[in-house]
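Line by line, the protein sequences give chains A and B.
Following our numbering, the numbering of the first sequence begins with 334 at its first residue and continues without gaps.
Following our numbering, the numbering of the second sequence begins with 320 at its first residue and continues without gaps.
See structure below.
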Amino acid sequence: MDGGCRPLTGEEQDLIELEHVVRTFCSVPDKPPVAAVNDVSLTVNDGEIFGIIGFSGAGKSTLVRCINLLERPDSGSVKIDGVEMTALKPRDLYRARRKIGMIFQQFNLMPSRTVGQNVAYPLKGSGLTREQQKRKVRELLDLVEIGDKVDAYPSELSGGQKQRVAIARALANDPTILLCDEATSALDPQTTGAILRLLKDLNRSLGLTMVVITHEMEVVKTICRRAAVMDKGEIVESGNILDIFSEPRHPMTKNFVRTTSHLAKLDDLIREGSPMVQLREGEVLVRLTYYGQTKVEEPLISSAARRFDVDLNIVLADVEIVADSMIGGTVAIVQGDSGKIDGALQFLRDKNVKVKVIKDARIPA
Amino acid sequence: MQESLLELLKAWLPNLMKRLPEFWKATCDTLLMEVWAGSICFALGLVFGIVLTVTKPDGIMENRPVYQTLDKIINLFRSIPFIILLTALMPLSRLIMGTAIYVRGVIVPLVFGATPFFSRQVESALAQTDKGLIEAALSMGSSPFEIIFRVYLRESVAPIVRAITITTISLLGLTAMAGAVGAGGLGDFAIRYGHDRNMVDITWVTVVVLVIAVSIVQWLGDRLARKHTH
Numbered sequence: 334m335d336g337g338c339r340p341l342t343g344e345e346q347d348l349i350e351l352e353h354v355v356r357t358f359c360s361v362p363d364k365p366p367v368a369a370v371n372d373v374s375l376t377v378n379d380g381e382i383f384g385i386i387g388f389s390g391a392g393k394s395t396l397v398r399c400i401n402l403l404e405r406p407d408s409g410s411v412k413i414d415g416v417e418m419t420a421l422k423p424r425d426l427y428r429a430r431r432k433i434g435m436i437f438q439q440f441n442l443m444p445s446r447t448v449g450q451n452v453a454y455p456l457k458g459s460g461l462t463r464e465q466q467k468r469k470v471r472e473l474l475d476l477v478e479i480g481d482k483v484d485a486y487p488s489e490l491s492g493g494q495k496q497r498v499a500i501a502r503a504l505a506n507d508p509t510i511l512l513c514d515e516a517t518s519a520l521d522p523q524t525t526g527a528i529l530r531l532l533k534d535l536n537r538s539l540g541l542t543m544v545v546i547t548h549e550m551e552v553v554k555t556i557c558r559r560a561a562v563m564d565k566g567e568i569v570e571s572g573n574i575l576d577i578f579s580e581p582r583h584p585m586t587k588n589f590v591r592t593t594s595h596l597a598k599l600d601d602l603i604r605e606g607s608p609m610v611q612l613r614e615g616e617v618l619v620r621l622t623y624y625g626q627t628k629v630e631e632p633l634i635s636s637a638a639r640r641f642d643v644d645l646n647i648v649l650a651d652v653e654i655v656a657d658s659m660i661g662g663t664v665a666i667v668q669g670d671s672g673k674i675d676g677a678l679q680f681l682r683d684k685n686v687k688v689k690v691i692k693d694a695r696i697p698a
Numbered sequence: 320m321q322e323s324l325l326e327l328l329k330a331w332l333p334n335l336m337k338r339l340p341e342f343w344k345a346t347c348d349t350l351l352m353e354v355w356a357g358s359i360c361f362a363l364g365l366v367f368g369i370v371l372t373v374t375k376p377d378g379i380m381e382n383r384p385v386y387q388t389l390d391k392i393i394n395l396f397r398s399i400p401f402i403i404l405l406t407a408l409m410p411l412s413r414l415i416m417g418t419a420i421y422v423r424g425v426i427v428p429l430v431f432g433a434t435p436f437f438s439r440q441v442e443s444a445l446a447q448t449d450k451g452l453i454e455a456a457l458s459m460g461s462s463p464f465e466i467i468f469r470v471y472l473r474e475s476v477a478p479i480v481r482a483i484t485i486t487t488i489s490l491l492g493l494t495a496m497a498g499a500v501g502a503g504g505l506g507d508f509a510i511r512y513g514h515d516r517n518m519v520d521i522t523w524v525t526v527v528v529l530v531i532a533v534s535i536v537q538w539l540g541d542r543l544a545r546k547h548t549h
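Listed below in structure tokens is the structure:
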């Protein structure tokens with residue numbers, strides 16, 4: 334990880350530490366309780382944006398609520414900055430929560446209060462004078478670029494504007510952590526993009542640590558460096574976003590990655606018997622996948638074609654930037670002499686491209 | 320002009336015009352019952368409604384014994400017909416108010432009759448508060464008491480005003496019934512003269528006065544509720 338998005342403190346510092354957290358619900362009486370979160374351990378470093386992704390019902394919302402104890406774990410430990418949250422007395426817990434902002438899918442602004450009053454809500458009891466509170470509210474609203482709406486009521490705002498107000502409110506007590514529970518799921522793609530940019534900026538400028546819960550791979554891909562994939566209350570895979578994307582291991586993760594990649598269309602094309610993937614004799618259909626380490630600056634495909642005197646006909650391509658690295662791949666039909674095709678594929682493998690032969694129409698030697 | 324109007328009223332409403340002072344007294348008695356019983360009932364009902372809301376399962380101060388007890392008591396008093404409550408509570412009324420008749424004597428049964436109803440109204444008004452707001456307030460470090468005052472009550476002004484409107488109007492009905500046991504008021508007036516002595520004009524005028532009272536309360540309530548809806 335590079336130091337671009339966090340103040341350089343030298344070493345990674347754990348800010349949020351969950352250990353063996355279990356949270357069960359008795360939804361139906363007389364039935365055994367269901368574990369919404371089942372023995373989850375994870376750490377979030379100071380200053381990073383950590384994603385938790387899963388389909389609805391995977392337990393991610395419950396998990397994020399275990400961080401600020403909106404849901405009290407049945408067992409396990411929740412440490413924020415070294416402090417065991419589950420051991421705090423109510424009064425201390427309320428104080429600790431002021432340093433953990435939270436935003437929601439449905440924004441949860443109070444309809445009877447104006448934008449300014451909503452943002453001022455958590456400032457009561459902060460020790461600021463009325464005048465200071467007013468100034469703070471202005472600053473916060475300017476920070477989220479919605480300074481002109483201070484006297485509007487939430488019902489007069491669009492979804493994106495509401496989420497900006499909610500962010501300002503969550504930041505009122507200068508928290509160190511911001512929990513985002515499906516914060517963009519109720520927004521259209523364009524607004525989602527704008528809110529994600531804002532979150533990324535806040536992470537950078539305030540050194541704010543974020544935990545982002547989402548069912549949209551797009552969101553994780555855009556702003557997270559590390560993420561965990563959740564399924565049925567458990568974390569099935571976690572690590573650098575880049576690794577998760579380029580080499581998903583768990584079927585659930587693969588599923589998620591597929592939802593965002595155009596390359597997944599290949600399977601459909603093959604199943605439908607599309608003429609695009611019909612091979613003539615001697616041709617090979619391959620999928621070339623790039624990793625973080627792949628040297629994509631080099632013209633790999635044309636080099637391979639030139640050096641080995643083969644033709645590569647690109648059927649599908651999807652390359653994108655994830656965590657400042659290029660990942661993705663192409664699907665291509667390789668035409669040429671059988672031995673030379675092997676050579677070309679080996680050349681690509683040597684350049685750290687993952688090569689998978691999908692269909693081989695060469696006559697076996 | 321004025322005299323001719325008076326003559327007209329005397330011709331149309333002969334019985335009422337002969338008993339005008341008594342009619343004013345009855346109207347004032349009804350108003351008095353309404354204000355006293357209403358104020359006590361609103362204060363108590365608000366507290367009970369809040370307690371029900373916060374102690375119910377999944378509430379912010381979940382407490383099964385408190386919730387169950389209050390819930391059952393309210394159901395009990397809601398199922399007793401008011402006319403029975405009126406007589407059954409006479410000893411309690413004598414104990415608290417010193418008398419079981421007139422306006423003073425009927426305040427206790429009126430409060431017992433209307434408070435459970437209003438408590439339920441408050442409970443359902445508060446239940447309209449979006450759960451997400453409570454969650455947001457908790458996440459901002461609000462204590463349960465803060466949430467009661469700064470979220471539940473603040474966000475429920477309009478529905479609570481509507482609950483007060485409904486309860487005030489139904490309380491008006493109860494005060495009329497209370498007349499039957501010697502509380503005085505418009506109900507008593509209408510029964511004694513309008514019904515017992517078949518003075519139809521008195522019945523009509525009483526009804527008109529009550530309709531006007533209900534309309535005013537409803538209009539005020541609607542206006543206030545609208546003012547607090549954003």
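Cβ atoms here follow ideal geometry from the backbone N, Cα and C, with glycine treated the same way.
These figures come from a predicted structure and were not determined experimentally.
Here A/Gln494 has Ile479, Lys482 as same chain residues with Cβ atoms under 7 Å from its own Cβ, once five neighbours each way along the sequence are excluded. Sorting A/Val397, A/Met443, A/Gln346, A/Glu464 by C-alpha distance to the C-alpha of A/Gly415 places A/Gln346 at the top. For B/His514, the three-state secondary structure derived from DSSP is helix.
B/Ile479 and B/Gln440 have their alpha carbons spaced roughly 8 Å apart. A/Leu402 sits in coil when the DSSP states are folded into three classes, being neither helix nor strand. For A/Asn573, the closest alpha carbon among the candidates A/Leu529, A/Arg620, A/Lys469, A/Ala561 is that of A/Ala561. Non-local C-beta neighbours of B/Val385 in its own chain, meaning closer than 6 Å and more than five positions away in sequence, comprise Thr374, ordered along the chain. Scanning A/Glu549, A/Asn441, A/Val655 for the CA closest to the CA of A/Tyr624 turns up A/Val655. When the alpha-carbon of A/Glu515 is set against those of A/Gly458, A/Arg398, A/Val477, the nearest one is in A/Arg398.
Using a Cβ-Cβ cut-off of 8 Å, A/Pro444 counts as an interface residue toward chain B, since at least one Cβ of chain B sits closer than that to its own. For A/Met435, the closest Cβ of chain B is nearer than 8 Å.
Look at the beta carbons and you see the stretch 410 to 424 of chain A not touching the stretch 441 to 452 of chain A: under three pairs across the two are nearer than 8 Å. In its chain, beyond the 5 residues on either side, Val617 have a beta carbon closer than 6 Å to the beta carbon of A/Asp693. When DSSP assignments are scanned along the stretch 469 to 553 of chain A, the uninterrupted stretches of alpha helix (DSSP H) that are 4 or more residues long and fall wholly within it turn out to be 492 to 503, 522 to 539. Of all residues in the stretch 488 to 509 of chain A, those with a C-beta nearer than 7 Å to a C-beta of chain B are Ser488, reading in chain order. Taking the CA atoms as reference points, A/Arg468 sits about 24 Å from B/Arg473.
Here A/Ile654 carries a strand assignment [DSSP, helix/strand/coil]. In the structure shown, A/Lys689 falls within a strand segment according to DSSP collapsed to helix, strand and coil. DSSP, read as helix, strand or coil, puts B/Phe431 in helix.
Excluding residues up to 5 positions away in sequence, Gly513 lie with their Cβ nearer than 8 Å to the Cβ of B/Val519 in the same chain. The C-beta distance from A/Gly669 to A/Asp642 rounds to 6 Å, short enough to fall under 8 Å.
In summary, the residues of the stretch 467 to 482 of chain B whose CB is separated from some CB of chain A by less than 8 Å are Arg469, Val470, Arg473, Glu474, Val476, in the order they occur in the chain.
The shortest C-alpha to C-alpha distance from B/Val536 to any of B/Lys344, B/Glu326, B/Val354, B/Ala407 is the one to B/Val354. Annotation for A/Gly387: Lys393, His548, Val562, Met563, Asp564, Met585 place their beta carbon closer than 8 Å to its own, counting only its chain and skipping 5 residues before and after. Within the same chain, and ignoring the five residues on either side of A/Ile546 in sequence, the residues whose Cβ sits closer than 7 Å to its Cβ are Ile385, Lys393, Ser394, Val397, Cys513, Asp514, Glu515. By the criterion of at least three beta-carbon pairs nearer than 8 Å, the stretch 394 to 405 of chain B is in contact with the stretch 490 to 502 of chain B. The secondary-structure analysis by DSSP pairs A/Ser671 with nothing; it has no beta-bridge partner. Residues of chain B whose Cβ lies closer than 9 Å to the Cβ of A/Leu403 are, in chain order, Glu454, Leu457, Ser458.
Residue pairing from DSSP places A/Ile386 in a beta bridge opposite A/Thr547, A/Val562.
Among the residues of the stretch 458 to 474 of chain A, none has a Cβ less than 7 Å away from any Cβ of chain B. A/Thr462 counts as exposed, since fewer than 16 other C-beta atoms from the protein chains shown sit within 10 angstroms of its C-beta. Counting along the chain, B/Phe508 sits inside the alpha helix (DSSP H) bounded by residues 504 to 508. Note that the C-beta distance between A/Ile349 and A/Val373 is not below 8 Å.
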